[in-house]
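Notes to accompany the following structure.
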Amino acid sequence: MTARPPTLADVCARPAWTGVAALAGAEHLHRPLTEVVVARDLDAVRPAAGALIAVLTPVTGADWRIDAALRRLADAGACGLLVSGRAAPLRATAILADRVGIPLLGTDDDIVALAVGLRELLSAPEMDRARLLVRAHEALSRRGTTPKEVAATVAALLGARVWILSGEGATLAGDPVEVEGFRTAPPMVQRHPHGRGVALFAPVPAHDADHADLWMGVLLDQNDAAWEETARGVAAVATMALRCWRADRRVEIERDARLRATVLGELLRLDGEPSAELRNRAGDLGWRLGGWHLGFHIGVPDGVDVLGSTAELLSALEAEGIQATLVERHDGWSGWVTLGSEPAPDAVGTVVNGVRRTQRRLARLASSHVGIGRAHAGPAGISATLGEAADAARLAANRREVGRFLHIDRLGLAQLLLAWTRTDTFQPAARDLLAPLSGQPGELDRTLAAYLDAESNLTETAAVLGVHRNTVAARIARVEALLGVDLGSADERLALHLACHTVLGDR
Numbered sequence: 001m002t003a004r005p006p007t008l009a010d011v012c013a014r015p016a017w018t019g020v021a022a023l024a025g026a027e028h029l030h031r032p033l034t035e036v037v038v039a040r041d042l043d044a045v046r047p048a049a050g051a052l053i054a055v056l057t058p059v060t061g062a063d064w065r066i067d068a069a070l071r072r073l074a075d076a077g078a079c080g081l082l083v084s085g086r087a088a089p090l091r092a093t094a095i096l097a098d099r100v101g102i103p104l105l106g107t108d109d110d111i112v113a114l115a116v117g118l119r120e121l122l123s124a125p126e127m128d129r130a131r132l133l134v135r136a137h138e139a140l141s142r143r144g145t146t147p148k149e150v151a152a153t154v155a156a157l158l159g160a161r162v163w164i165l166s167g168e169g170a171t172l173a174g175d176p177v178e179v180e181g182f183r184t185a186p187p188m189v190q191r192h193p194h195g196r197g198v199a200l201f202a203p204v205p206a207h208d209a210d211h212a213d214l215w216m217g218v219l220l221d222q223n224d225a226a227w228e229e230t231a232r233g234v235a236a237v238a239t240m241a242l243r244c245w246r247a248d249r250r251v252e253i254e255r256d257a258r259l260r261a262t263v264l265g266e267l268l269r270l271d272g273e274p275s276a277e278l279r280n281r282a283g284d285l286g287w288r289l290g291g292w293h294l295g296f297h298i299g300v301p302d303g304v305d306v307l308g309s310t311a312e313l314l315s316a317l318e319a320e321g322i323q324a325t326l327v328e329r330h331d332g333w334s335g336w337v338t339l340g341s342e343p344a345p346d347a348v349g350t351v352v353n354g355v356r357r358t359q360r361r362l363a364r365l366a367s368s369h370v371g372i373g374r375a376h377a378g379p380a381g382i383s384a385t386l387g388e389a390a391d392a393a394r395l396a397a398n399r400r401e402v403g404r405f406l407h408i409d410r411l412g413l414a415q416l417l418l419a420w421t422r423t424d425t426f427q428p429a430a431r432d433l434l435a436p437l438s439g440q441p442g443e444l445d446r447t448l449a450a451y452l453d454a455e456s457n458l459t460e461t462a463a464v465l466g467v468h469r470n471t472v473a474a475r476i477a478r479v480e481a482l483l484g485v486d487l488g489s490a491d492e493r494l495a496l497h498l499a500c501h502t503v504l505g506d507r
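Counted from 1, the sequence shown has number 339 at position 339 by the UniProt record's numbering; the numbering is strictly sequential.
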């Protein structure tokens, strides 16, 4: 970036000069400014090329000496005339200022202070920059400064429009501006022309440095290289404050997540009624252990910042009208909705459809696979429904044709058992499936297993069991009647085959 002398427009855009108004000749503020000359009054004006002449004695808008001073400044190639007071000049004076190209500025502020500050800016811009950076450090060094406070502080320091964005570009604080060309990746400082000025974007890198956790945008009204350099320095200080806030927030999130995971772990291991202490800890988290629970599991690929994305997931669920309890897991999130009574099918459908839409909302964040369990009652119901949801999610991970989304009530018998084959919930499900055969004469469970092993061949099954073919046929008919299944269905044969081997293998 090549440094150039500031213009009057650049200077007037700075916070210290917000009380200065262009009374006439506003179209001519863009000449390079090289020095400032202070005059006691209009009679003492000594113009110089590239100079702003600052007159200390207040004048009225009708003072004819303003016209004379404007002509002398134009002849000398000066930059502008600053007078004390903001009274509007005569129309003839305004026309003259436009014709000779000399801006007439007025202010009620201390002209000496403005002149001293401007002289320092012109002769030693690094001192002006250093002073502002020190003020930024002092204002932003307090631990826990929020994004809203950071945006307000930087806006006051720079006299600019400032806003804070999430890593995905959502507004967190400030007054955002739509800037063409801004991208949320990679996490590098960005500079984009915007109108007559420039927009700067400073990232707050995430812990893995591959993307930004936050972005700070600053809109400068003028394209002033020196002021832009100062703004970059202030932005760097501000992003350090944002990084500290993010780190503190991360510690809080991790602490809360560990607490939730600990309480959920105790609920998942629950054998019987929860203790009073466990009930109290769950109550402190706002969890209801009574009622009916409908669980879901959202799995995401490795590398997704689960902790950092929890708030966004909760917002997405709430946007779909779902008030859910959510707990971070190693592969995503487990969550559940608690209802006061056993939910009717339409109530379950409302939750299922809401979670499905939430999955679509999160598609821009990461791909996911989702499973939903059945509704179960009481404290133990949380473990039961989450176990089913996790099983369904594992199966959904490989089911692209259904959008990697499965609800256990909508799974076929074979799909359900396939999902459970490597889980602790599989054996109880298999025993429940074959329970009607227990205690029946004719070893129906062994007959069924042999029949399925023999690929439904009656003759081969009879040979294995050492009975007549017709005996096998009669037993299989009884199995179908007792279980209410059709062994002509490939799905049901597969489900029963898995169940037989699991149950009989335990004996």
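Using N, Cα and C, we set each Cβ at its ideal position, and we do this for glycine too.
Closest to T93 by C-alpha separation, out of I66, L122 and H501, would be which residue?
I66
Taking 7 angstroms as the limit between beta carbons, can you name the residues of its chain near G197, skipping five residues before and five after?
L219, L220, D221, Q222 and N223
Count the C-beta pairs between the segment 134 to 151 and the segment 176 to 190 that are closer than 8 angstroms, then say yes if the count reaches three, no if not.
no
Going residue by residue through the UniProt domain "CdaR GGDEF-like" (272 to 395), where are the continuous beta strand (DSSP E) segments of at least 3 residues, counting only ones entirely within it?
292 to 299, 325 to 329, 332 to 339 and 369 to 377
For D331, count the other beta carbons within 10 Å of its own beta carbon; 16 or more makes it buried, fewer makes it exposed. Which is it?
buried
Is it the case that the Cβ atoms of G159 and P343 are separated by a distance below 7 angstroms?
no
Taking the beta strand (DSSP E) that A49 falls in, what are its first and last residues?
That residue, A49, is in no beta strand (DSSP E); it is neither H nor E in DSSP.
In this structure, what does DSSP give as the bridge partners for I95?
In DSSP, I95 forms no bridge with anything.
Which residues mark the beginning and the end of the beta strand (DSSP E) in which M127 is found?
From DSSP, M127 is part of no beta strand (DSSP E) but of the alpha helix (DSSP H) over P125 to L140.
Contact check, G80 vs P103, beta carbons under 7 angstroms:
yes
Per DSSP, what kind of secondary structure is A499 in: helix, strand or coil?
helix
Are the segment 178 to 185 and the segment 237 to 256 touching by the rule of at least three beta carbon pairs closer than 8 angstroms?
no
Using the three-state DSSP reduction, which class does S448 fall into: helix, strand or coil?
The residue asked about is misnamed: residue 448 is Leu in this sequence, not Ser. DSSP places L448 in helix when its eight states are reduced to three.
Among the residues of its own chain, which have a CB less than 8 angstroms from the CB of A347, if the five just before and after it don't count?
L339
Per-residue burial, G466 [other beta carbons within 10 Å of its own, 16 or more giving buried]
exposed
Kindly list the residues whose CB is nearer than 7 angstroms to the CB of A62, restricted to its own chain and excluding five residues on each side of it in sequence; keep chain order.
L90
With three or more C-beta pairs closer than 8 angstroms as the rule, is the segment 22 to 42 touching the segment 110 to 120?
yes
Should H194 go down as buried or exposed, given a rule of 16 or more other Cβ atoms within 10 Å for buried?
buried
I'd like to check one pair, A473 with L458: are the Cβ atoms closer than 7 angstroms?
yes
Is DSSP giving G412 helix, strand or coil here?
Confidence is the limiting factor: at G412 the pLDDT is only 46, short of 50, which leaves the residue's position unreliable, though a coordinate-based value still follows. Correct three-state label for G412: coil.
Round the Cβ separation of I322 and V370 to the nearest angstrom and send it over; I've been treating them as touching at under 8 angstroms.
Their Cβ separation, rounded to whole angstroms, is 13 angstroms, which puts I322 and V370 out of contact at 8 angstroms.
If you drop the 5 nearest sequence neighbours on each side, which residues of the same chain put their C-beta closer than 6 angstroms to that of I111?
A54, L56 and S84
Taking the C-alpha atoms as reference points, what is the distance between W17 and L82?
12 angstroms
Does the Cβ-Cβ distance between P503 and L434 come in under 7 angstroms?
For the record, residue 503 in the displayed sequence is Val; it is not Pro. Yes. Within cutoff.
Entirely enclosed alpha helix (DSSP H) segments - the segment 5 to 36, minimum 4 residues:
8 to 12
How would you call A13, buried or exposed, if buried means at least 16 neighbouring beta carbons within 10 angstroms?
buried
So for P193, helix, strand or coil by DSSP?
strand
Can you say whether V479 is buried or exposed, counting buried as having 16 or more other CB atoms within 10 angstroms of its CB?
buried
Closest by C-alpha distance to T171, when choosing among D128, R135, S123 and E312:
E312
Comparing C-alpha positions only, which one of T461, G308, V134 and R269 sits nearest to R246?
G308
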